[in-house]
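Trainee: Under this note's numbering, the residue at position 276 of the first sequence is numbered 396, and the numbers go up by one with no gaps. Beta carbons are placed, not taken as given, at the ideal position from N, Cα and C, and that holds for glycine.
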Amino acid sequence: MNIDQYISDVVCRNIESLYGKVDCSQIQIQKTRKEFEGDYTLVVFPLLKLSRKSPEATATEIGEALTRGCSDISGFNVIKGFLNIVLDKKFWVERFREISACENYGMHAPTGRNIMIEYSSPNTNKPLHLGHVRNNLLGYSVAQILKANGHNVIKANLVNDRGIHICKSMIAWQLYGNGATPESTGKKGDHLVGNYYVEFDNHYKAEIAELVNGGMSEEEAKKKAPIMLKAQEMLRKWEAKDPEVYALWEKMNGWVYDGFDVTYKALGVDFDKVYYESQTYLLGKSLVEDGLRRGIFFRKEDGSVWIDLTADGLDQKLLLRGDGTSVYMTQDLGTALKRVEENNLDEMIYVVGNEQNYHFQVLKLVLKKLGYDWSDEIYHLSYGMVELPNGKMKSREGTVVDADDLIEKMVETAREMSQELGKLDSCTSEEADSICRMVGLGALKYFILKVDPKKTMLFDPKESIDFNGNTGPFIQYTHARICSILRKADEQCVNYRDCDAAGECLPEEVEIIKTLCDYPATVASAGETFSPSVIANYAYDLCKLFNSYYHDHSILHEKCDASRRMRLKLADTVARTVASAMKLLGIEVPQRM
RNA sequence: GGUUCCGUAGCUCAGUUGGAUAGAGCAACAGCCUUCUAAGCUGUGGGUCGCGCGUUCGAACCGCGCCGGAAUCACCA
């Protein structure tokens, strides 16, 4: 049942019995703060006009009506203008009975909405780095959260596999690679190709320096450096589908894809559809021509096509080059239309960094002006940069944090910590590997996802590897610990699963039940705001609450009575809820650690 | 300069239809392992919620104006 709604209805009914018809949507009910006695609080200030009494008298009057009118309400107290309503413990035990009996607690009924979420979208000339990690984790997690909210989700990846950047790697490989392959070098394909991209840049700089020494201006040298001219020629050949260039392009991209697959797998993310820009970059031209005919766009003297958005507070934006070739915006327009039509989409989410806020503002506006009303259903999930303690990641300064290195380092640290604490002593080596991987990645994922996506975040390696406090491993630990309790109960043949939750319920247990009751609303809220951080912080609160309770109350060493079975069942339900929440973040939880 | 976003404890972050005395973690300090996992628990200290004005019974939250920081404003993607 929806408790907030239920309480709200009850209160509203009783207020009406006192003061006549009122607008129930104006009644403010909120959860009572911990330092006060009670479960729900009615703020009576807005009702004073109706009651024509003091805040205290009004609250008391309503409180009396409520205790009379609803058997679930066992009492109340009044502090200033706040009416704190106390619910009967049986009410919470009944809620717990519902929750523990529910298979997919927190998951919402199917909505039939089709949502595409695009994330990752890497370039094929370099390996993935920390910024991509945030992108991938966000995208995957939001997809999970949307599924939990009952939507049909299509996870899409648009690979930027064409352009001058990949040609740079190809040229450098041709010139200096000596036929190196991932097999011959033992390197991951994306790293190998990335190395040639760096190599290109080194030679390019050297050539520029040489030309400048010979008396050329720096600007001209940048254009005339032989290696750059070769890369540009290669791009032209690629566009003309030169067989040799095309074969090399396919080969090197293939290496990169193999490398990416390894990283994706390690991160635990995947896709339902993979698009390649080489196949989509010609889309959108007809859309532009259509807009041109209808006078929405205009052509400049050099033949280029623009849209004037100054009336909307933006600038003029280029949609098609003078030579008729498309730009980023052109293909994005075309891709959007194609996707919506082919997949019958109700909504489309782009997980893209906040440096492209302007681009998406324009994209939505242009589609809107073309008459596509679904432009309102495009959502740019804009996330902030990841910064390091000494500032931004800069590839020139070598401060880029490589995704594969990072993952390995996290897992290694998890292993060292676990060994130090003796956690792995009773494990087989496979179990140990699996636990270290879960913990290391759990730490990384949680560290990134617990922060509000739109905020610029600081990634401090030292802190991310901390496993204490508000971290993934803390939550995993709580889960593992509960599993351990339940294993012991099973060994002792205590059948808590079929127990009929009853008996006395401690105040701490009511607190836990209340928190469990919040789970579905939390999932819904995360779905609306596309914010995994909501889930992460919820899971942390629940674990913290349980740990505190767990510490004070023995669960196993008591008589095997109804109350003990109830506690075990509560522990079990907490563990299931924690596991469910972690699944929405893409974090695995171990049975033991 | 225009647009968008951010500013909460020494540090990293929570905090929604505006509500009571603003919360965690890290770091510091003090306790707790003979009982189910101490990756834990309990306590102490630490705040003009960037600044100012306004809206009202009431503002970290809403409005306006400043200050500070970030992104962007390419015939790059």
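Could you give the C-beta distance for L412 and V425, rounded to a whole number, given that I count them as a contact under 8 Å?
Mentor: Rounded, the Cβ-Cβ distance is 6 Å, consistent with contact.
Trainee: Rounded C-beta distance between A534 and V559? I'm assuming under 8 Å.
Mentor: Confirmed, about 4 Å.
Trainee: Can you give the Cα-Cα distance for E338 and A644, rounded to whole angstroms?
Mentor: Each residue's Cα considered, the two are about 56 Å apart.
Trainee: Assign T383 to one of three DSSP states: helix, strand, or coil.
Mentor: Reduced to three states, the DSSP call for T383 is helix.
Trainee: Quick check: what's the CA-CA separation for A646 versus L162?
Mentor: Each residue's Cα considered, the two are about 26 Å apart.
Trainee: Whose C-beta lies closer than 8 Å to the C-beta of T400 among residues of the same chain, with five residues either side of it excluded?
Mentor: Cβ within range, chain order: L278, Q451, G454, T455 and K458.
Trainee: Could you check which residue in E517, W212 and C556 has the C-alpha nearest to that of V709?
Mentor: Closest option to V709, Cα to Cα, is C556.
Trainee: Run through the DSSP bridge pairs and tell me what A276 is partnered with.
Mentor: According to DSSP, which records beta bridges pairwise, A276 is partnered with E238 and K393.
Trainee: What's the call for M468, buried or exposed, on a 16-neighbour Cβ count within 10 Å?
Mentor: M468 comes out buried.
Trainee: Looking only at C-alpha atoms, which of D610, S171, D129 and G297 sits nearest to D192?
Mentor: Closest by alpha carbon: D129.
Trainee: Measure the Cβ-Cβ separation of A656 and Y597 and say whether it is below 8 Å.
Mentor: Contact flag unset, no.
Trainee: Just the Cα atoms here: how many angstroms apart are V471 and M236?
Mentor: Straight-line Cα distance between these residues: approximately 11 Å.
Trainee: Determine the extent of the alpha helix (DSSP H) in which F202 is found, giving its start and end residues.
Mentor: It is not in any alpha helix (DSSP H) - F202 instead sits in the beta strand (DSSP E) that spans F202 to L207.
Trainee: Is S683 helix, strand or coil by DSSP?
Mentor: Here S683 sits in helix by DSSP.
Trainee: Considering only the beta carbon of each residue, do I585 and V253 sit closer than 8 Å?
Mentor: The answer is no: Cβ separation not under 8 Å.
Trainee: Do M513 and G760 count as a contact pair if the criterion is CB distance below 8 Å?
Mentor: An answer regarding residue 760 cannot be provided, because it is not within the stretch 121 to 713 covered by the chain.
Trainee: Go through its chain and collect everything with a Cβ distance to V482's Cβ below 6 Å, but skip five positions before and after it.
Mentor: Closer than 6 Å at Cβ, skipping near neighbours: K437.
Trainee: Could you spell out where the beta strand (DSSP E) holding Y324 opens and where it closes?
Mentor: Taken as a continuous stretch (DSSP letters only), Y324 belongs to no beta strand (DSSP E), being part of the alpha helix (DSSP H) at G309 to N333.
Trainee: How long is the line joining the alpha carbons of L480 and I427, rounded to whole angstroms?
Mentor: The question names Leu, but residue 480 in the sequence shown is Phe. Approximately 15 Å between the Cα atoms of the pair.
Trainee: Measure from the alpha carbon of M227 to the alpha carbon of each residue in L704, R712, Q711 and M713, then state which is nearest.
Mentor: The residue with the shortest Cα to Cα distance from M227 is L704.
Trainee: For L203, I'd like the list of residues in its chain whose CB is within less than 7 Å of its CB, leaving aside the five on either flank, ordered along the chain.
Mentor: Result list for L203: T161, L162, V164, A179, I182, G183 and F196, in chain order.
Trainee: Specify, as a first and last residue, the run of the alpha helix (DSSP H) that K267 falls within.
Mentor: Run containing K267: L250 to A268, per the alpha helix (DSSP H) assignment.
Trainee: With a cut-off of 8 Å, do at least 3 Cβ pairs link the region 625 to 632 to the region 686 to 695?
Mentor: Touching, yes.
Trainee: Thinking L465 and N234 are a contact (beta carbons under 8 Å), I'd like their distance in whole angstroms, please.
Mentor: Indeed, because the Cβ distance is near 5 Å, the residues count as touching under 8 Å.
Trainee: Are the region 371 to 383 and the region 298 to 316 in contact at 8 Å, needing three or more beta carbon pairs?
Mentor: Cβ pair count under 8 Å is three or more, so yes.
Trainee: In terms of residue numbering, what span does the alpha helix (DSSP H) encompassing K350 cover?
Mentor: Residues P346 to E359.
Trainee: Which of helix, strand or coil does DSSP assign to E467?
Mentor: Three-state result, E467: strand.
Trainee: Just list the residues that DSSP pairs G473 with in beta bridges.
Mentor: For G473, which the question treats as bridged, DSSP gives the partners Y503.
Trainee: According to DSSP, L162 sits in a beta bridge with which residue or residues?
Mentor: Paired residues: I149 and L203.
Trainee: Suppose you measure from the CA of T576 to the CA of V521; what does that come to, to the nearest Å?
Mentor: Each residue's Cα considered, the two are about 16 Å apart.
Trainee: Considering just the uninterrupted stretch of the beta strand (DSSP E) at K437, what are its terminal residues?
Mentor: Unbroken beta strand (DSSP E) run through K437: Q436 to L440.
Trainee: Below 7 Å CB to CB, which residues in the same chain sit around I65 once its five sequence neighbours on both sides are set aside?
Mentor: With the chain covering only 121 through 713, there is no way to say anything about residue 65.
Trainee: Is D522 helix, strand or coil by DSSP?
Mentor: The answer is strand: DSSP assigns D522 an E or B state.
Trainee: Around the Cβ of M121, are there at least 16 other Cβ atoms within 10 angstroms (buried) or fewer (exposed)?
Mentor: So M121 counts as exposed.
Trainee: Going straight from the alpha carbon of S668 to that of S700, what length do you get?
Mentor: Approximately 21 Å, taken between the alpha carbons.
Trainee: Enumerate in chain order the residues of its own chain whose CB-to-CB distance from F320 is below 8 Å, with the five nearest sequence positions on each side excluded.
Mentor: Closer than 8 Å at Cβ, skipping near neighbours: K288, S289, I291, A292, I347 and A351.
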